[in-house]
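Participant: Residue numbers (my numbering): 9 to 301.
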C-alpha cells in the first residue's frame, strides 16, 4: 500500500510517496520517493498578491507530472496542501480549480494553524524526552509555525507571516517580528528550559553542514557559526563554492535568522532537527484516517 503527499510551498513544491507498513495494530511508513521542484510561488504572492501566468504554467506542469507518478506508483490515497503563498494569492482558488481540471488533483489551501497541526501530526515529540519542554520551530518561505510542547502535549501554537522568501522580498513587517518576539518570550517564561525542534528545508541543510550525528542536537552557538560562515560568502559563491542549490543559497540566510532569533528570545540553547516536514505529517494524517476503524 502506498500513500502520496503533495506540499505546494512558497519556495518549492514537494511530492512524497511512502510505503505503508502494518504490523499488527502498529502502522508506519517508509519514504519511497521524494521529489522537490523549485517553483518559487512566494515571489509572486508576496509582492504582487497573485500568482503570475508563467508560475501557474510551471505549477500545472509539475502537478501533471506528480499525478502521473502517483498513478505509476499505484498510490491508494493522497492529500495535497498549499500553504502561505497560495493563502495570500488573490487567484489561489482559481488555481485550485485549474489543478483539478488539468491534473486531476484535489488541492486544499490550508490556514496557518492547520499547517502547524499537519506538521505536528508526525508525532516527533514522542521520540523526545517527555520530561522536557520543547519549542517547535518550522520556518517556511512565507510563514513560521511555532508550538510549545510540555510532557509530550502541545500547549500553545501560533503561525506568523514571516518566512525566508517574505524576508528576501522585503515583505516582512516590524510588527510581526515584535509580535513573534513577545509570544516567544512569554512562552519561555511560562515553560522553563526550552529545547528546540526545528523543521523545514533550510534547517535540514544547516544541520547537514554541522556534521552532527542524526538524533543529536545542534547548539545555538554552532548554528550561529554556520550562519556567519554562510553569510561571509556572496550569493554566487554560496552556489559555486559551497555547492548550495540556487533556490536554497539565497533563502537559507533569512531562514537561519528566524531560527536564531526565536532560539535567542526563548533561551533555547540547542535544537534537534528530525528532518521531517509537512509531507510527513500528511502521510500520518492519511494513516490516521484510513486505519482509525
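Glycine residues also receive a C-beta, built at the ideal position from the N, C-alpha and C atoms.
#1: Of the choices 189, 185, 125 and 237, whose alpha-carbon is the least far from that of residue 163?
#2: Measure the C-alpha to C-alpha separation of residue 45 and residue 229 and round it to an integer number of angstroms.
#3: How many Å lie between residue 106 and residue 67 at the Cα?
#4: Return the chain-ordered list of same chain residues with a C-beta closer than 6 Å to the C-beta of residue 188, the five sequence neighbours on each side being excluded.
#5: Tell me, please, which residues DSSP counts as bridged to residue 11.
#6: Just reading off the alpha helix (DSSP H) that residue 48 is part of, what are its end residues?
#7: Quick check: the Cα distance between residue 205 and residue 61, rounded to an integer number of angstroms?
#8: Count the other CB atoms, across all protein chains shown, that sit within 10 Å of the CB of residue 190; report buried if there are 16 or more and exposed otherwise.
#9: What span of residues does the beta strand (DSSP E) with residue 153 cover, start to end?
#10: When DSSP labels each residue in this structure, what does residue 300 get in the three-state scheme?
#11: Is residue 303 helix, strand or coil by DSSP?
#12: Between the Cα of residue 183 and the Cα atoms of 170, 72 and 25, which residue gives the shortest distance?
#13: Considering only residues of the same chain and omitting the five flanking positions on each side of residue 36, which have a CB-CB separation below 7 Å?
#14: To which residues does DSSP link residue 161 through a beta bridge?
#15: Measuring CA to CA, which of 177, 16 and 120 is closest to residue 357?
#16: Compute the Euclidean distance between the alpha carbons of residue 252 and residue 217, then round it to the nearest angstrom.
#17: Unbroken alpha helix (DSSP H) runs of length 4 or more, entirely within the region 142-226: which are they?
#18: If the criterion is Cβ atoms closer than 7 Å, does the pair residue 80 and residue 47 meet it?
#19: State whether the region 92-104 contacts the region 51-59, with contact taken as three or more CB pairs (one from each stretch) at a distance under 8 Å.
Facilitator: According to the data block:
#1: In the chain shown, counting from the first residue as 1, residue 163 sits at position 155. With distances taken between CA atoms, residue 163 lies nearest to 125 out of 189, 185, 125 and 237.
#2: What you label residue 45 is simply residue 37 of the chain shown in a count that begins at 1. What you label residue 229 is simply residue 221 of the chain shown in a count that begins at 1. For residue 45 and residue 229, the distance between alpha carbons rounds to 32 Å.
#3: Reading the chain shown from its first residue, position 98 is the one you call residue 106. Reading the chain shown from its first residue, position 59 is the one you call residue 67. Their Cα atoms are separated by approximately 10 Å.
#4: As a position in the chain shown, residue 188 is number 180, starting the count at 1. Closer than 6 Å at the Cβ level, and outside the excluded window around residue 188, lie 168.
#5: Sequence index remark: in the chain shown, residue 11 carries index 3 (1-based). The partner list for residue 11 (beta bridge, DSSP) reads 26 and 85.
#6: One-based indexing of the chain shown puts residue 48 at position 40. Counting along the chain, residue 48 falls outside any alpha helix (DSSP H), and DSSP gives it neither H nor E.
#7: As a working note, residue 205 is residue 197 in the chain shown. As a working note, residue 61 is residue 53 in the chain shown. Taking the straight line joining both Cα atoms gives about 37 Å.
#8: Taking the first residue of the chain shown as position 1, residue 190 is located at position 182. By the 10 Å Cβ count, residue 190 comes out exposed.
#9: Counting from 1 along the chain shown, the entry for residue 153 is found at position 145. Where residue 153 is concerned, the enclosing beta strand (DSSP E) stretches over 152-158.
#10: Working through the chain shown from its first residue, we reach residue 300 at position 292. Correct three-state label for residue 300: coil.
#11: Limits of the chain in this structure are 9 at one end and 301 at the other, which puts residue 303 out of reach.
#12: By 1-based counting over the chain shown, the position of residue 183 is 175. Nearest C-alpha to residue 183: 170.
#13: Looking up residue 36 in the chain shown gives position 28. If we look at residue 36 and ignore the five residues flanking it on each side, its Cβ neighbours are 29.
#14: Your numbering for residue 161 matches position 153 in the chain shown. In the DSSP secondary-structure assignment, residue 161 is bridged to 158.
#15: Only positions 9 to 301 of the chain appear in this structure, which leaves residue 357 out of reach.
#16: The residue given as residue 252 occupies position 244 in the chain shown. The residue given as residue 217 occupies position 209 in the chain shown. About 11 Å.
#17: 172-176, 182-198 and 209-218
#18: Within the chain shown, residue 80 is the residue found at index 72, counting from 1. Within the chain shown, residue 47 is the residue found at index 39, counting from 1. Not closer than 7 Å, so no.
#19: yes
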